[in-house]
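Residue numbers (this note's numbering): 3 to 338.
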């Protein structure tokens, strides 16, 4: 009875606090609230909620020489929620839902709905030099400046991501030029031994003051299964909002010199500034001994929440040259 009474008191106080924040009209923010410009990071109030997401339909058409076994349509939805209990304590949740449909058979080849990650963070991205977080997800170890992640399904390409782990992560940010991130965790698969479940990653970022908006990123990870990855890259976001990056990522398994286990991706990308509701993007990916994909696209936002995309490009197969082909991709969707 005492526990129920305490729970009622807690819920009453929480609802009262929520009512106060809603009445003030300053508790809900659109975006991911990672930039120092976001009011949720510097607001003295409680219970700031940040939300963003997108939903879109992608269609990819490949020329006749291509292998058509991969799905040709994708319905995709992504969402992020961040709840600031105080400016120094926050909870983060990210999830997605995807449906792949084969053009020839009209069959749904895969339904993929899951919670990608969650974590609790102590510290404030805008105000704290030291930040500590714990949760479950795929820790970042590279730039991963991906401009067309949604259409990678058309070729079944490796995304070069870390495995999902239960982790604790520490970030030191001197708020000037250096940022250091270290993560330690365990793979959630109980079928593995304790040694095989170990995971560690690190990422070092340095902002070059002499080059406006330029950051150098070096990182890597290793898990108990002897899967390892290293990455080095450079990204520039200038004062006009243009984004340019180049990155090299390599992954190794138990035998790093085995051609079947060595994987490498070289990525060059550019996103222009928004002008007259349009942005131009370019991305080139070179997957070692597998495929090279390069394309130019247009992003058009006719209304505040509506986004239309179109891309044309060429995919060159290294293993089977006869399968090299042109492709066209288009999408329509909404974003928050």
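Cβ atoms here follow ideal geometry from the backbone N, Cα and C, with glycine treated the same way.
Which two residues bound the contiguous beta strand (DSSP E) that contains residue i?
| i | result |
| --- | --- |
| residue 328 | 327–337 |
| residue 158 | Looking at the DSSP string, residue 158 is not in any beta strand (DSSP E), and its letter there is neither H nor E. |
| residue 98 | 91–103 |
| residue 376 | In the structure as shown, the chain starts at 3 and stops at 338, and residue 376 therefore has no counterpart that could be examined. |
| residue 283 | 280–289 |
| residue 324 | Unbroken run through residue 324: none, as it is neither H nor E. |
| residue 231 | 230–239 |
| residue 134 | 132–139 |
| residue 175 | 167–175 |
| residue 65 | That residue, residue 65, is in no beta strand (DSSP E); it is neither H nor E in DSSP. |
| residue 268 | 265–273 |
Any idea if residue i is buried or exposed, counting beta-carbon neighbours within 10 angstroms, 16 or more meaning buried?
| i | result |
| --- | --- |
| residue 129 | exposed |
| residue 211 | exposed |
| residue 174 | exposed |
| residue 277 | exposed |
| residue 171 | buried |
| residue 233 | buried |
| residue 2 | In the structure as shown, the chain starts at 3 and stops at 338, and residue 2 therefore has no counterpart that could be examined. |
| residue 84 | buried |
| residue 190 | exposed |
| residue 132 | exposed |
| residue 74 | buried |
| residue 301 | buried |
| residue 157 | buried |
| residue 64 | buried |
| residue 117 | exposed |
| residue 269 | buried |
Measure the C-alpha to C-alpha separation of residue i and residue j and round it to an integer number of angstroms.
| i | j | result |
| --- | --- | --- |
| residue 226 | residue 138 | 17 angstroms |
| residue 293 | residue 87 | 46 angstroms |
| residue 147 | residue 195 | 34 angstroms |
| residue 120 | residue 168 | 10 angstroms |
| residue 335 | residue 309 | 5 angstroms |
| residue 273 | residue 284 | 7 angstroms |
| residue 166 | residue 304 | 37 angstroms |
| residue 200 | residue 141 | 14 angstroms |
| residue 101 | residue 77 | 5 angstroms |
| residue 59 | residue 176 | 41 angstroms |
| residue 183 | residue 122 | 16 angstroms |
| residue 193 | residue 314 | 44 angstroms |
| residue 242 | residue 215 | 10 angstroms |
| residue 32 | residue 56 | 12 angstroms |
| residue 229 | residue 51 | 37 angstroms |
| residue 126 | residue 206 | 19 angstroms |
| residue 219 | residue 204 | 11 angstroms |
| residue 279 | residue 185 | 39 angstroms |
| residue 202 | residue 164 | 10 angstroms |
| residue 254 | residue 306 | 43 angstroms |
| residue 263 | residue 337 | 38 angstroms |
| residue 327 | residue 316 | 6 angstroms |
| residue 1 | residue 248 | Residue 1 lies beyond the stretch modelled for the chain, which goes from 3 to 338, so this question has no answer here. |
| residue 95 | residue 136 | 12 angstroms |
| residue 93 | residue 187 | 19 angstroms |
| residue 217 | residue 181 | 10 angstroms |
| residue 281 | residue 244 | 10 angstroms |
Name the DSSP bridge partner or partners of residue i?
| i | result |
| --- | --- |
| residue 363 | Residue 363 lies beyond the stretch modelled for the chain, which goes from 3 to 338, so this question has no answer here. |
| residue 201 | 187 and 225 |
| residue 147 | Answer is none; residue 147 lacks a bridge partner. |
| residue 313 | 299 and 331 |
| residue 113 | 101 |
| residue 308 | 336 |
| residue 50 | 86 |
| residue 218 | 208 and 236 |
| residue 153 | Partner(s): none; residue 153 has no beta bridge. |
| residue 32 | 53 |
| residue 123 | 92 and 135 |
| residue 294 | 288 and 318 |
Could you tell me which of the options sits nearest to residue i, measuring between CA atoms?
| i | options | result |
| --- | --- | --- |
| residue 311 | 299, 305 and 322 | 299 |
| residue 358 | 149, 85 and 113 | Because the chain spans 3 through 338 in this model, residue 358 falls outside it and cannot be assessed. |
| residue 209 | 229, 198 and 237 | 237 |
| residue 239 | 145, 94, 80 and 180 | 145 |
| residue 246 | 184, 74, 221 and 213 | 213 |
| residue 329 | 323, 322 and 318 | 318 |
| residue 97 | 53, 74, 125 and 134 | 53 |
| residue 99 | 126, 295, 152 and 230 | 152 |
| residue 235 | 320, 222, 178 and 113 | 222 |
| residue 80 | 164, 92, 93 and 114 | 114 |
| residue 267 | 243, 162 and 93 | 162 |
| residue 252 | 291, 271, 243 and 280 | 291 |
| residue 91 | 103, 49, 250 and 117 | 49 |
| residue 197 | 181, 224 and 178 | 224 |
| residue 320 | 281, 65 and 288 | 288 |
| residue 265 | 325, 271, 281 and 159 | 159 |
| residue 154 | 134, 124 and 295 | 295 |
For residue i, verify whether its CB is less than 7 angstroms away from any heavy atom of the ligand FAD.
| i | result |
| --- | --- |
| residue 306 | In the structure on display, the ligand FAD does not appear, and there are no ligands present to speak of. |
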